[in-house]
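Okay, so here's the structure we're looking at.
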Amino acid sequence: LANLERGIGNVSILVLLQIAQAFNCVLAELVGDITTSSPEWLLIRELLQNRTEKELQAARETLSNLFVGNAAANGGRNKLRQIALIGLRGAGKSSLGRLLAAEIGYPFVELSSEIERVAGCGILEIHSLYGPTAYRRYERRALEEALQLYPEMVLATPGGLVSEPATMNVMLAHCYTVWVRATPEDHMARVMAQGDFRPMAGNNEAMADLKRILASREAFYSKADYVCSTSERSLAECVDELSAHIRQAAEL
Numbered sequence: 045l046a047n048l049e050r051g052i053g054n055v056s057i058l059v060l061l062q063i064a065q066a067f068n069c070v071l072a073e074l075v076g077d078i079t080t081s082s083p084e085w086l087l088i089r090e091l092l093q094n095r096t097e098k099e100l101q102a103a104r105e106t107l108s109n110l111f112v113g114n115a116a117a118n119g120g121r122n123k124l125r126q127i128a129l130i131g132l133r134g135a136g137k138s139s140l141g142r143l144l145a146a147e148i149g150y151p152f153v154e155l156s157s158e159i160e161r162v163a164g165c166g167i168l169e170i171h172s173l174y175g176p177t178a179y180r181r182y183e184r185r186a187l188e189e190a191l192q193l194y195p196e197m198v199l200a201t202p203g204g205l206v207s208e209p210a211t212m213n214v215m216l217a218h219c220y221t222v223w224v225r226a227t228p229e230d231h232m233a234r235v236m237a238q239g240d241f242r243p244m245a246g247n248n249e250a251m252a253d254l255k256r257i258l259a260s261r262e263a264f265y266s267k268a269d270y271v272c273s274t275s276e277r278s279l280a281e282c283v284d285e286l287s288a289h290i291r292q293a294a295e296l
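Residues in the sequence shown are numbered from 45 upward in steps of one, following the numbering used here.
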């Protein structure tokens with residue numbers, strides 16, 4: 045602490061954490077994040093601290109109903125009119141989504157195509173020209189516009205959408221979400237079968253990286269209303285299961 049006060053300390057995250065513990069405060073108070081910007085934020089944070097995952101989910105859904113507007117608040121059937129498929133690339137979202145949409149009579153929408161329409165250029169160009177921050181902005185705008193343009197739809201989303209909390213909140217509030225789940229081996233094999241060998245190019249630890257990505261996103265994917273596994277099953281079986289589930293949920 046004395047070195048830091050003299051301006052010669054080397055502050056790393058671990059050192060900051062130790063300093064926070066020494067001052068009996070949370071790390072956010074040292075770096076001044078948004079939850080320390082006003083008394084109300086601090087009071088809300090205190091209410092949420094040490095809550096269980098189930099309690100935090102209930103709090104999030106209540107806030108979503110209050111601020112975002114939840115289609116489920118007007119009846120679960122309304123939410124089922126806009127079905128969003130989430131999951132990592134190679135899970136089968138596009139293949140399953142097209143067939144599911146045809147089965148239940150909804151239009152099929154690829155959010156990646158909507159992002160390109162909004163941006164006026166391709167996904168790779170967005171990243172190379174404007175960067176990831178701009179891509180996330182276009183992604184949210186494309187989702188919001190799709191929700192307005194297609195009152196009924198099956199929407200296939202990019203795998204990384206769940207990494208942006210604001211966009212995911214919009215999707216969870218308005219769409220019936222389905223986690224299209226597959227094993228890491230199936231993810232890798234399907235992407236390569238599409239002719240894309242980039243996951244393996246110059247990377248001997250590609251599978252380990254893929255498993256880490258899945259593990260880091262699993263908690264977000266698990267917020268979906270329903271999980272459909274596409275591993276060791278035919279596409280037809282998955283479509284039958286999911287369409288039957290959608291119809292049953294709509295009748296409840």
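Positions of the beta carbon are idealized from the N, C-alpha and C atoms, including for glycine. Since we're looking at a predicted model, the values are computed, not measured.
Check                                                                                          : Outcome
Between the CA atoms of L74 and N68 - distance to the nearest angstrom                         : 11 angstroms
For L187 and L140, believed in contact at Cβ under 8 angstroms, the rounded distance           : Not a contact, Cβ separation roughly 19 angstroms.
Segment limits, beta strand (DSSP E) that includes Q126                                        : Q126 to I130
Where the beta strand (DSSP E) containing F264 begins and where it ends                        : Run containing F264: none in the beta strand (DSSP E); it sits in the alpha helix (DSSP H), A250 to Y265.
For P195, the nearest candidate out of D269, F152 and E262 (CA to CA)                          : F152
Contact under 8 angstroms by Cβ, L144 with L286                                                : yes
Exposure label - Q126; buried when at least 16 CB within 10 Å                                  : buried
Residue burial classification, R225 (beta-carbon count within 10 angstroms, cutoff 16)         : buried
As assigned by DSSP and simplified to three states, the class of N118                          : No answer about N118 holds up, because its pLDDT of 46 lies below 50 and its placement is not dependable.
Straight-line Cα distance separating L168 from N118                                            : Model confidence at N118 stands at a pLDDT of 46, short of 50, so the residue's coordinates are unreliable; what they give is reported in the following sentence. Answer to the nearest angstrom: the Cα atoms are 39 angstroms apart.
Per-residue DSSP class, three states only, for T227                                            : coil
Member of W223, A190, Q192 and S172 whose CA lies at the smallest distance from the CA of V206 : W223
Inter-residue Cα distance where the pair is T221 and K123                                      : 9 angstroms
First and last residue of the uninterrupted alpha helix (DSSP H) at V214                       : P209 to H218
Beta-carbon gap between L86 and L92 smaller than 8 angstroms                                   : no
Beta carbon of E251 nearer than 8 angstroms to that of P228                                    : A quick correction: the sequence has Met, not Glu, at residue 251. A contact, by the Cβ cut-off of 8 angstroms.
Rounded separation between L254 and M215 - CA only                                             : 24 angstroms
For R185, the nearest candidate out of S157, S172, G203 and M197 (CA to CA)                    : S157
Residues sharing a beta bridge with L199, DSSP                                                 : A128 and V153
Option nearest D269 by Cα separation, candidates G131, L110, D284 and S82                      : G131
Backbone secondary structure at V283 - three-state DSSP                                        : helix
Distance between beta carbons of R133 and H231, contact taken as under 8 angstroms             : 7 angstroms
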